[in-house]
Amino acid sequence: MKSFLIDRYVKGGPLRFTESPEPELRENDVMVEIRAASVNVLDSKIRDGEFKLILPYRLPLVLGNDVAGVVVRVGANVRRFKPGDEVYARAAQDRIGTFAEYIAMDEADVAMKPKNLTMEEAASIPLVALTAWQVLVERANLQKGQKILIHAGSGGVGTIAIQLAKHLGAYVATTTSTVNIDLVKSLGADVVIDYKKDNFEEVLRDYDVVLNSLGTDTLKKSVGMLKPGGELISISGPPDPDFAKENGSGWPLRLVVRLLSFGIRRKSKRQGISYSFHFMTANGAQLGQITSLIEAGVIRPVVDRVFPFEKTNEALAYVETGRAKGKVVVAVK
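Take 1 as the starting number for the sequence shown in my numbering and just add one per residue.
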């Protein structure tokens, strides 16, 4: 099968377009013919080697985390899917590889594709929507009337998180650039901070939750605008000791992670708030709940551009500019 892979970790390096063997179909797997795959910042971070300590992949590695496609074969134990089903998923972190023509995934990680979405639209959803769901619903337990700041509202996670937070009844603030103000307002943001003109930490006060997807400076500034007992949740790091423990990391890596997050954890504790790092995981059941919200019109995808499969490197480069509104997708077939 045709695929885009890396042979070694190289910061900013191109993916190699090549022929790869089809993945092994295990007894609990579905084999999916890939129609579309979305491109995430995570893909470039894996390529650059930023996650090689916590995600020890065997190289060469086919990249790509999100997929929409058609089931072509199923393993002996599979009961929920059959050949011909249109599905979508975020591949499990140890079995990524959606920049290819086929992928095998455990059926527990897969959900039926929303009927009202194209393959390209569906491929844009899993990683960012599961991230938003796991942060807002599972971790923060966001309640009606609570106030949440979602950084980078026009980005992949931000566009979905704003819609989900509004559905949960929260009061939503977000940060974005001038050109994207109308977009985030259309998604439901109550307060929009133009980061080119205003400092969010000087405008917002007494928030219950912050979802951070930006750098360390933004993370530190977010502490002061949370109320006592508030939650600062970051999907961009630094990892915390709980994550290292859940990830099964050995004690040397746990020590490194503890040191990396020591500053923000100490600053948060002094302000009476909690800090945690979240690295989303594949979950077909949660994705099924998201499907229901999409089909009900509660959540809609935001797709910036669709690239042909052979231009996957160009798609990755575009994502790395940081200027994409919502998601960037590769049409495989």
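Note that beta-carbon positions come from the ideal geometry of N, C-alpha and C, so glycine has one too. Quantities reported herein were computed from a predicted structural model and do not represent experimental measurements.
Nearest chain C C-beta to residue i closer than 7 Å, yes or no?
{"i": "Phe99", "result": "Reference to chain C is not applicable here, since this structure consists of a single protein chain."}
Mapping the DSSP letters down to three states, classify residue i as helix, strand or coil.
{"i": "Arg35", "result": "strand"}
{"i": "Glu339", "result": "Since the first residue shown for the chain is 1 and the last is 333, residue 339 is missing from the structure and cannot be characterised."}
{"i": "Asp304", "result": "strand"}
{"i": "Ile162", "result": "helix"}
{"i": "Leu168", "result": "coil"}
{"i": "Phe262", "result": "helix"}
{"i": "Glu314", "result": "helix"}
{"i": "Ser222", "result": "helix"}
{"i": "Leu149", "result": "strand"}
{"i": "Leu42", "result": "helix"}
{"i": "Ala132", "result": "helix"}
{"i": "Val319", "result": "helix"}
{"i": "Val30", "result": "strand"}
Figure out for me which residue from the options has the closest Cα to the Cα of residue i.
{"i": "Asn116", "options": "Val332, Ala317, Val330, Ile299", "result": "Ile299"}
{"i": "Pro23", "options": "Val41, Gly97, Leu226, Asp190", "result": "Gly97"}
{"i": "Val137", "options": "Glu121, His167, Thr118", "result": "His167"}
{"i": "Thr131", "options": "Ser236, Arg58, Thr321", "result": "Ser236"}
{"i": "Ala331", "options": "Tyr318, Phe307, Ala317", "result": "Phe307"}
{"i": "Val87", "options": "Asn65, Asn77, Met119", "result": "Met119"}
{"i": "Leu260", "options": "Asn199, Tyr275, Val32, Ser154", "result": "Tyr275"}
{"i": "Pro196", "options": "Ser177, Ile54, Ser186, Ser213", "result": "The displayed chain sequence assigns Lys, not Pro, to residue 196. Closest by alpha carbon: Ser177."}
How would you write the range of the alpha helix (DSSP H) that residue i sits in, first residue to last?
{"i": "Glu202", "result": "200-203"}
{"i": "Leu183", "result": "181-186"}
Please classify residue i: is it buried, with 16 or more other beta-carbons within 10 angstroms of its beta-carbon, or exposed?
{"i": "Ser292", "result": "exposed"}
{"i": "Thr18", "result": "exposed"}
{"i": "Arg265", "result": "buried"}
{"i": "Trp133", "result": "buried"}
{"i": "Asp29", "result": "buried"}
{"i": "Gly230", "result": "buried"}
{"i": "Val10", "result": "exposed"}
{"i": "Val329", "result": "buried"}
{"i": "Phe302", "result": "It should be pointed out that residue 302 corresponds to Val in this sequence rather than to Phe. Buried: at least 16 other Cβ atoms inside 10 Å."}
{"i": "Pro114", "result": "buried"}
{"i": "Val179", "result": "exposed"}
{"i": "Asn61", "result": "First, the residue type needs correcting, since residue 61 is Leu and not Asn in the sequence shown. So Leu61 ends up on the buried side."}
{"i": "Ala296", "result": "exposed"}
{"i": "Glu246", "result": "exposed"}
Going by DSSP, what residue range makes up the beta strand (DSSP E) through residue i?
{"i": "Leu232", "result": "226-234"}
{"i": "Val330", "result": "327-331"}
{"i": "Ile299", "result": "No beta strand (DSSP E) holds Ile299; DSSP gives it neither H nor E."}
{"i": "Ile193", "result": "191-194"}
{"i": "Ser3", "result": "2-6"}
{"i": "Asp240", "result": "Looking at the DSSP string, Asp240 is not in any beta strand (DSSP E), and its letter there is neither H nor E."}
{"i": "Val209", "result": "207-212"}
Q) Can you list the alpha helix (DSSP H) stretches of 4 or more residues lying completely in the segment 59-129, in chain order? A) The segment 59-129 contains these whole alpha helix (DSSP H) runs: 119-123.
Q: May I have a chain-ordered list of the beta strand (DSSP E) segments no shorter than 3 residues that lie completely inside the segment 245-290?
A: Correct list: 274-277.
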